[in-house]
Amino acid sequence: MKKVITYGTFDLLHWGHINLLKRAKALGDHLTVAISTDEFNAQKNKKAYYPYEQRKMMLEAVRYVDRVIPEERWEQKEEDILKYDIDILVMGDDWKGKFDDLSKYCKVIYLPRTANISTTKIKNELLLAKAY
């Protein structure tokens, strides 16, 4: 069985996220998704609209996702790859090159982001709509 893992905050779940999850799952038989905890997001000066438990629940309902785990720190990726016997790490291409050092443990693939959609874009559009 080929195992794939990806990481992210997955806030305001949208079709770009679904595209990433679908493409990641197509690379293997089992997809693990590690989502940033609220505490880890705070360390990165990020705040998700939905708390961790709600984001986890939504991802568990996505048919491409087999397991959801918390991401609590940057260094965790190597540990997760070994712990879950991961064959492929998938990240969006906005992270291209950042995780190449993990290629000694598994294949690292950077997938193109879905054009014209992001959580930041949605948040900005909601702020604009609120102004009217």
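Take any residue in the sequence shown, count from 1 to its spot, add 1074: that is its number in the working numbering.
By construction, the Cβ of each residue, glycine as well, lies at the ideal position given by its N, Cα and C atoms.
Collapsed DSSP secondary structure at residue i in the structure displayed
i	result
residue 1194	helix
residue 1137	coil
residue 1091	helix
residue 1123	coil
residue 1132	helix
residue 1098	helix
residue 1086	coil
residue 1108	strand
residue 1181	strand
Outcome for residue i when other beta-carbon atoms lying within 10 angstroms are tallied against a minimum of 16
i	result
residue 1075	exposed
residue 1165	buried
residue 1151	buried
residue 1194	exposed
residue 1123	exposed
residue 1199	exposed
residue 1116	exposed
CA-to-CA distance, residue j to residue i, given in whole angstroms
i	j	result
residue 1163	residue 1201	34 Å
residue 1159	residue 1102	13 Å
residue 1178	residue 1130	29 Å
residue 1078	residue 1157	13 Å
residue 1171	residue 1080	15 Å
residue 1154	residue 1175	14 Å
CB-CB length for residue i against residue j, believed under 8 Å
i	j	result
residue 1133	residue 1107	5 Å
residue 1091	residue 1140	Between residue 1140 and residue 1091 the Cβ distance is about 16 Å, and since that is not below 8 Å, they are no contact.
residue 1109	residue 1136	Actually they do not touch by this definition, with Cβ atoms about 12 Å apart.
residue 1138	residue 1095	4 Å
residue 1147	residue 1114	6 Å
residue 1180	residue 1161	6 Å
Proximity winner among the options, relative to residue i (alpha-carbon distances)
i	options	result
residue 1189	1088, 1171 and 1156	1088
residue 1119	1149, 1083 and 1183	1083
residue 1144	1080, 1196, 1111 and 1099	1111
residue 1098	1176, 1182, 1154 and 1125	1182
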